[in-house]
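First comes the structure, then the notes that go with it.
Here is the structure:
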């Protein structure tokens with residue numbers, strides 16, 4: 002049996018046989034905030050739900066195994082996951098991050114610079130020699146998004162891990178867009194993986210969640226202490242919803258990818274599309290159209306695609322990063338690394354591929370008439 006076969010089966014079986022008392026197939030949701038103690042100083046692992054919850058344990062143990070980590074921590078959002086990780090570091094630390102980065106991370110990093118004296122350098126993802134040269138005496142970690150958002154650039158994580166280990170610094174990877182179905186950064190040298198589990202892992206645009214997975218006993222213990230201390234944990238119901246979504250992750254990711262490749266083939270031959278960015282896997286595709294003025298009428302014409310900010314759900318979404326996900330990044334900064342005002346980001350859903358292409362086709366046909374009139 003291949004690793005992929007084992008992973009597919011593991012996902013479906015998450016939570017099964019965890020309730021031996023009643024033998025429920027779907028793992029129970031434990032809403033209780035408190036757990037009874039039989040005697041002073043004696044309890045069976047649960048006392049207060051912020052510290053631990055049986056439903057959250059099922060999720061965290063499954064995610065740790067999927068990513069090959071020593072521990073996992075379910076948080077109230079993807080940004081809460083980022084915050085948990087950066088709470089590891091002391092004031093004045095220096096970090097290197099991917100240049101083409103999610104706007105929410107850029108915004109949070111700006112706050113960290115102002116409030117805590119953190120310093121961030123940004124790497125364009127091209128030269129690994131230049132990445133190593135960015136390391137300073139007080140550099141604590143390299144933070145990599147791969148693929149990047151929204152230009153879909155991929156990074157050789159093994160090379161980055163070699164650099165971080167040579168300099169005794171942490172390697173943090175945002176694995177949201179690929180998920181452990183496509184890549185497992187901890188198995189190739191990363192120390193910490195972050196997910197906005199709201200996206201592909203939950204998969205239905207109905208759960209707000211984050212995940213942190215760690216490798217190494219010391220880091221895992223410190224993250225557990227920090228999560229319990231700060232308390233931004235995922236609710237039992239959302240843990241259960243995330244488990245339910247993950248059961249179909251393998252099926253969904255295969256269809257997302259199949260559909261995305263069809264979209265790429267279509268967009269690459271269209272005269273109104275100048276550039277297409279696709280990382281080769283997953284369901285994320287970004288593309289640029291010929292004129293910024295055509296963006297609004299294109300979005301207004303869509304019938305199947307939803308114009309919205311998220312990604313990774315079963316429904317197809319289109320996002321305009323410069324006014325949505327990346328609006329907090331100054332325009333001059335965005336333009337300097339290629340995030341133009343003509344770029345759109347598609348989260349290709351699992352609808353029938355012909356319907357997806359038809360929607361893009363009719364919207365592009367509409368703006369083609371506008372371009373002719375404009376010309």
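Residue numbers (my numbering): 2 to 376. Beta carbons are placed, not taken as given, at the ideal position from N, Cα and C, and that holds for glycine.
When burial is assigned at 16 or more other CB atoms within 10 Å of the CB, is residue i buried or exposed?
| i | result |
| --- | --- |
| residue 335 | buried |
| residue 37 | exposed |
| residue 49 | exposed |
| residue 18 | exposed |
| residue 357 | buried |
| residue 443 | Limits of the chain in this structure are 2 at one end and 376 at the other, which puts residue 443 out of reach. |
| residue 363 | exposed |
| residue 61 | buried |
| residue 198 | buried |
| residue 353 | exposed |
| residue 114 | exposed |
Would you report the Cα separation of residue i and residue j, rounded to the nearest angstrom?
| i | j | result |
| --- | --- | --- |
| residue 120 | residue 338 | 20 Å |
| residue 333 | residue 11 | 46 Å |
| residue 246 | residue 214 | 18 Å |
| residue 51 | residue 70 | 22 Å |
| residue 134 | residue 173 | 18 Å |
| residue 309 | residue 21 | 42 Å |
| residue 346 | residue 225 | 35 Å |
| residue 249 | residue 73 | 20 Å |
| residue 142 | residue 80 | 18 Å |
| residue 64 | residue 26 | 19 Å |
| residue 262 | residue 42 | 58 Å |
| residue 6 | residue 185 | 15 Å |
Spatial neighbours of residue i within its chain, please: CB distance less than 8 Å, with the 5 preceding and 5 following residues excluded, ordered by chain position.
| i | result |
| --- | --- |
| residue 189 | 158, 159, 162 |
| residue 254 | 180, 182, 183, 201, 283, 284 |
What residues in its chain sit with their C-beta under 7 Å from that of residue i, if we drop five residues either side in the sequence?
| i | result |
| --- | --- |
| residue 329 | 104, 107, 108 |
| residue 146 | 99, 102, 103, 175 |
| residue 30 | 56, 237, 238, 241 |
| residue 83 | 106, 109, 195 |
Which same chain residues, not among the five before or five after residue i, have their C-beta less than 6 Å away from its C-beta?
| i | result |
| --- | --- |
| residue 343 | 289, 290, 293 |
| residue 377 | The structure shown does not extend to residue 377, since the chain is modelled only from 2 through 376, so no value can be given for it. |
Assuming residue i contacts residue j (C-beta within less than 8 Å), just tell me the rounded distance between them.
| i | j | result |
| --- | --- | --- |
| residue 204 | residue 314 | 6 Å |
| residue 280 | residue 153 | 5 Å |
| residue 287 | residue 312 | Going by Cβ atoms, the distance from residue 287 to residue 312 rounds to 11 Å, so no, they are not a contact pair. |
Notebook entry, point to check: If you pair each beta-carbon of the segment 113-132 with each one of the segment 79-96, do three or more pairs fall below 8 Å?
Noted result: yes
Check: Just checking, does the segment 218-227 make contact with the segment 127-139 on the three C-beta pairs under 8 Å criterion?
Finding: no
Note to self: For the pair the segment 190-197 and the segment 296-305, tell me if three or more CB-CB distances fall below 8 Å.
What the structure shows: no
Margin query: Does the contact criterion of 3 or more C-beta pairs under 8 Å hold for the segment 80-87 versus the segment 269-280?
Written below: no
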